[in-house]
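Asker: The structure under discussion is supplied below as C-alpha coordinates; questions concerning it will follow.
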Amino acid sequence: MTTLELRTMAFAGICQAIDQVRNIARYGSAEADDDAVRGSINSIIVTDPDRPQDVFGDTDLSNGYDVIVEQLGDGAKKDVDLTRYLVGVLALERKLSAKPAALSMLAERLSQVKRQQHHYDVMEEQILSNLASVYSDVISPLGNRIQVVGTPAQLQQKTNQYKIRTLLLAAVRSAVLWRQLGGKRRQLVLSRKAIVATAQQAK
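Counting in this note's numbering, the sequence shown runs from 1253 upward without gaps.
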(Lines of atoms letter the chains of each structure in order from A and count residues from 1; the text may use other names and numbers.)
(Lines give C-alpha, C1' and ligand atoms only; values in the text may rest on other atoms or scores of the structure.)
Protein backbone atom coordinates (compact mmCIF):
# COMPACT_ATOMS: atom_id res chain seq x y z
CA MET A 1 0.00 0.00 0.00
CA THR A 2 1.14 3.55 -0.70
CA THR A 3 1.52 6.11 2.09
CA LEU A 4 -1.69 7.82 0.93
CA GLU A 5 -3.56 4.51 0.98
CA LEU A 6 -2.30 3.69 4.48
CA ARG A 7 -3.14 7.18 5.72
CA THR A 8 -6.62 6.98 4.20
CA MET A 9 -7.07 3.56 5.82
CA ALA A 10 -6.24 5.04 9.24
CA PHE A 11 -8.62 7.94 8.59
CA ALA A 12 -11.32 5.43 7.62
CA GLY A 13 -10.70 3.81 11.01
CA ILE A 14 -11.52 7.12 12.71
CA CYS A 15 -14.61 7.62 10.55
CA GLN A 16 -15.90 4.08 11.08
CA ALA A 17 -15.66 4.43 14.86
CA ILE A 18 -17.41 7.81 15.03
CA ASP A 19 -20.09 6.62 12.59
CA GLN A 20 -20.93 3.80 15.02
CA VAL A 21 -21.01 6.38 17.85
CA ARG A 22 -23.60 8.29 15.85
CA ASN A 23 -25.69 5.16 15.17
CA ILE A 24 -25.69 3.98 18.79
CA ALA A 25 -26.45 7.45 20.16
CA ARG A 26 -29.37 7.96 17.81
CA TYR A 27 -30.81 4.48 17.34
CA GLY A 28 -29.20 2.14 19.89
CA SER A 29 -26.86 -0.81 19.73
CA ALA A 30 -29.30 -2.83 17.61
CA GLU A 31 -28.74 -0.40 14.71
CA ALA A 32 -24.94 -0.48 14.99
CA ASP A 33 -22.85 -2.75 12.80
CA ASP A 34 -21.51 -5.35 15.25
CA ASP A 35 -18.60 -6.29 12.98
CA ALA A 36 -17.58 -2.63 12.61
CA VAL A 37 -17.87 -2.08 16.38
CA ARG A 38 -15.85 -5.24 17.10
CA GLY A 39 -13.17 -4.19 14.59
CA SER A 40 -12.89 -0.74 16.17
CA ILE A 41 -12.59 -2.23 19.66
CA ASN A 42 -9.97 -4.76 18.55
CA SER A 43 -7.88 -1.94 17.03
CA ILE A 44 -7.48 -0.38 20.49
CA ILE A 45 -5.72 -3.51 21.76
CA VAL A 46 -3.22 -3.63 18.85
CA THR A 47 -0.58 -1.38 20.38
CA ASP A 48 2.55 -2.76 18.70
CA PRO A 49 1.69 -3.76 15.11
CA ASP A 50 4.30 -5.00 12.63
CA ARG A 51 2.53 -3.08 9.84
CA PRO A 52 -0.10 -0.30 9.91
CA GLN A 53 -2.61 -2.69 8.31
CA ASP A 54 -2.31 -5.00 11.32
CA VAL A 55 -4.11 -2.46 13.51
CA PHE A 56 -7.38 -3.33 11.76
CA GLY A 57 -6.65 -6.99 10.97
CA ASP A 58 -9.35 -8.35 8.67
CA THR A 59 -11.91 -5.67 9.65
CA ASP A 60 -13.99 -4.41 6.72
CA LEU A 61 -13.47 -0.63 6.70
CA SER A 62 -15.87 0.05 3.83
CA ASN A 63 -18.24 1.89 6.17
CA GLY A 64 -15.40 4.22 7.16
CA TYR A 65 -14.46 4.81 3.52
CA ASP A 66 -18.12 5.64 2.78
CA VAL A 67 -18.06 8.26 5.54
CA ILE A 68 -14.90 9.82 4.05
CA VAL A 69 -16.62 10.12 0.66
CA GLU A 70 -19.78 11.56 2.24
CA GLN A 71 -18.03 14.03 4.54
CA LEU A 72 -15.13 15.17 2.34
CA GLY A 73 -16.68 14.66 -1.10
CA ASP A 74 -18.57 17.19 -3.18
CA GLY A 75 -22.02 15.80 -2.35
CA ALA A 76 -24.50 17.51 -0.06
CA LYS A 77 -24.71 14.54 2.33
CA LYS A 78 -22.77 16.01 5.27
CA ASP A 79 -23.51 15.20 8.90
CA VAL A 80 -22.76 17.98 11.37
CA ASP A 81 -22.48 15.57 14.33
CA LEU A 82 -19.86 13.47 12.54
CA THR A 83 -17.89 16.62 11.75
CA ARG A 84 -17.95 17.63 15.42
CA TYR A 85 -16.87 14.18 16.58
CA LEU A 86 -14.04 14.15 14.05
CA VAL A 87 -12.74 17.58 15.08
CA GLY A 88 -12.99 16.58 18.75
CA VAL A 89 -11.14 13.29 18.26
CA LEU A 90 -8.29 14.92 16.30
CA ALA A 91 -7.96 17.60 19.01
CA LEU A 92 -7.81 14.97 21.78
CA GLU A 93 -5.16 12.99 19.87
CA ARG A 94 -2.98 16.11 19.64
CA LYS A 95 -3.31 16.69 23.39
CA LEU A 96 -2.53 13.02 24.10
CA SER A 97 0.61 12.99 21.94
CA ALA A 98 1.92 16.05 23.81
CA LYS A 99 1.55 14.44 27.25
CA PRO A 100 4.00 11.57 27.97
CA ALA A 101 2.35 10.91 31.36
CA ALA A 102 -1.04 10.37 29.70
CA LEU A 103 0.53 8.09 27.06
CA SER A 104 2.20 6.05 29.79
CA MET A 105 -1.03 5.73 31.76
CA LEU A 106 -2.88 4.75 28.58
CA ALA A 107 -0.37 1.99 27.81
CA GLU A 108 -0.63 0.66 31.36
CA ARG A 109 -4.42 0.61 31.36
CA LEU A 110 -4.58 -1.06 27.93
CA SER A 111 -2.17 -3.78 29.05
CA GLN A 112 -4.61 -4.59 31.87
CA VAL A 113 -7.47 -4.91 29.37
CA LYS A 114 -5.31 -7.14 27.14
CA ARG A 115 -4.90 -9.56 30.03
CA GLN A 116 -8.68 -9.69 30.46
CA GLN A 117 -9.08 -10.78 26.83
CA HIS A 118 -8.12 -14.28 27.92
CA HIS A 119 -11.35 -14.45 29.91
CA TYR A 120 -13.82 -12.19 28.09
CA ASP A 121 -14.89 -11.40 24.53
CA VAL A 122 -14.28 -7.75 23.54
CA MET A 123 -18.01 -7.19 23.12
CA GLU A 124 -18.78 -8.33 26.68
CA GLU A 125 -19.75 -5.67 29.20
CA GLN A 126 -16.68 -6.25 31.39
CA ILE A 127 -14.29 -5.28 28.57
CA LEU A 128 -16.51 -2.47 27.30
CA SER A 129 -16.80 -1.02 30.80
CA ASN A 130 -13.04 -1.07 31.31
CA LEU A 131 -12.24 0.48 27.92
CA ALA A 132 -14.93 3.12 28.49
CA SER A 133 -13.28 4.02 31.80
CA VAL A 134 -9.89 4.31 30.03
CA TYR A 135 -11.46 6.91 27.75
CA SER A 136 -13.15 8.73 30.66
CA ASP A 137 -10.08 8.68 32.93
CA VAL A 138 -7.22 9.21 30.47
CA ILE A 139 -8.46 10.74 27.19
CA SER A 140 -11.51 12.85 27.94
CA PRO A 141 -9.84 15.10 30.59
CA LEU A 142 -7.13 16.15 28.09
CA GLY A 143 -9.32 18.63 26.21
CA ASN A 144 -12.83 19.79 25.47
CA ARG A 145 -15.34 17.02 26.16
CA ILE A 146 -16.95 15.57 23.04
CA GLN A 147 -20.69 16.14 23.37
CA VAL A 148 -22.45 13.11 21.89
CA VAL A 149 -25.89 13.93 20.51
CA GLY A 150 -28.65 11.34 20.25
CA THR A 151 -31.90 10.00 21.63
CA PRO A 152 -32.16 10.30 25.43
CA ALA A 153 -33.55 6.75 25.74
CA GLN A 154 -30.45 5.39 23.98
CA LEU A 155 -27.92 7.64 25.71
CA GLN A 156 -29.25 6.65 29.15
CA GLN A 157 -28.54 2.93 28.62
CA LYS A 158 -25.36 1.84 30.38
CA THR A 159 -24.23 -0.54 27.62
CA ASN A 160 -24.68 2.18 25.00
CA GLN A 161 -22.64 4.59 27.15
CA TYR A 162 -19.84 2.02 27.42
CA LYS A 163 -19.86 1.39 23.68
CA ILE A 164 -19.85 5.09 22.80
CA ARG A 165 -16.87 5.87 25.05
CA THR A 166 -15.03 2.77 23.83
CA LEU A 167 -15.63 3.76 20.20
CA LEU A 168 -14.35 7.28 20.89
CA LEU A 169 -11.22 5.65 22.34
CA ALA A 170 -10.96 3.57 19.15
CA ALA A 171 -11.29 6.74 17.06
CA VAL A 172 -8.43 8.34 19.01
CA ARG A 173 -6.37 5.16 18.48
CA SER A 174 -6.92 5.44 14.69
CA ALA A 175 -6.06 9.16 14.89
CA VAL A 176 -2.73 8.22 16.53
CA LEU A 177 -2.02 5.86 13.61
CA TRP A 178 -3.09 8.52 11.09
CA ARG A 179 -0.68 11.01 12.65
CA GLN A 180 2.13 8.42 12.73
CA LEU A 181 1.61 7.94 8.99
CA GLY A 182 2.04 11.67 8.38
CA GLY A 183 -1.61 12.72 8.61
CA LYS A 184 -2.26 16.42 9.20
CA ARG A 185 -5.49 18.37 9.44
CA ARG A 186 -4.54 20.69 6.60
CA GLN A 187 -4.42 17.67 4.25
CA LEU A 188 -8.18 17.26 4.75
CA VAL A 189 -8.52 20.55 2.85
CA LEU A 190 -5.47 20.63 0.56
CA SER A 191 -5.54 16.92 -0.41
CA ARG A 192 -9.28 16.40 -0.07
CA LYS A 193 -9.87 15.13 -3.62
CA ALA A 194 -6.97 12.66 -3.48
CA ILE A 195 -8.22 11.31 -0.13
CA VAL A 196 -11.77 10.90 -1.47
CA ALA A 197 -10.51 9.18 -4.64
CA THR A 198 -8.38 6.80 -2.56
CA ALA A 199 -11.37 6.02 -0.30
CA GLN A 200 -13.59 5.33 -3.34
CA GLN A 201 -11.02 2.89 -4.75
CA ALA A 202 -10.61 1.13 -1.39
CA LYS A 203 -14.32 0.48 -0.78
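Yeah, the Cβ is synthetic: ideal placement off N, Cα and C, and Gly gets one too.
Using C-beta distances below 6 Å, list every residue in its chain close to Ser1426, excluding the 5 sequence neighbours before and after it, in chain order.
Answerer: Ala1262, Gly1265, Ile1266
Asker: For Lys1366, which residues in the same chain have their Cβ closer than 6 Å to its Cβ, ignoring the five residues on either side in sequence?
Answerer: Ile1297
Asker: With H, G and I counted as helix, E and B as strand and the rest as coil, what does DSSP make of Phe1308?
Answerer: coil
Asker: Determine the direct distance from the alpha carbon of Gln1408 to that of Val1441, and round the result to whole angstroms.
Answerer: 36 Å
Asker: Could you check what DSSP says for Gln1452 in three-state terms: helix, strand or coil?
Answerer: DSSP places Gln1452 in the helix class (H, G or I) of the three-state scheme.
Asker: Would DSSP call Val1298 helix, strand or coil?
Answerer: coil
Asker: Give the straight-line distance between the Cα atoms of Pro1301 and Val1307, rounded to the nearest whole angstrom.
Answerer: 6 Å
Asker: Excluding the five sequence neighbours on either side, which residues of its own chain have a C-beta within less than 7 Å of the C-beta of Tyr1372, listed in chain order?
Answerer: Excluding residues within five positions, the ones whose Cβ falls inside 7 Å are Gln1378, Ile1379.
Asker: Just to check my reading of the structure: Leu1420 and Tyr1387 have Cβ atoms closer than 8 Å, yes? What is that Cβ distance to the nearest angstrom?
Answerer: 6 Å
Asker: When you compare the CB positions of Arg1303 and Gly1402, do they come within less than 8 Å of one another, or not?
Answerer: no
Asker: Between which two residues does the alpha helix (DSSP H) containing Pro1404 stretch?
Answerer: 1404-1407
Asker: What did DSSP end up calling Val1321 once you bin it into helix, strand or coil?
Answerer: helix
Asker: Taking DSSP as the reference, what is the three-state secondary structure of Gly1280?
Answerer: coil
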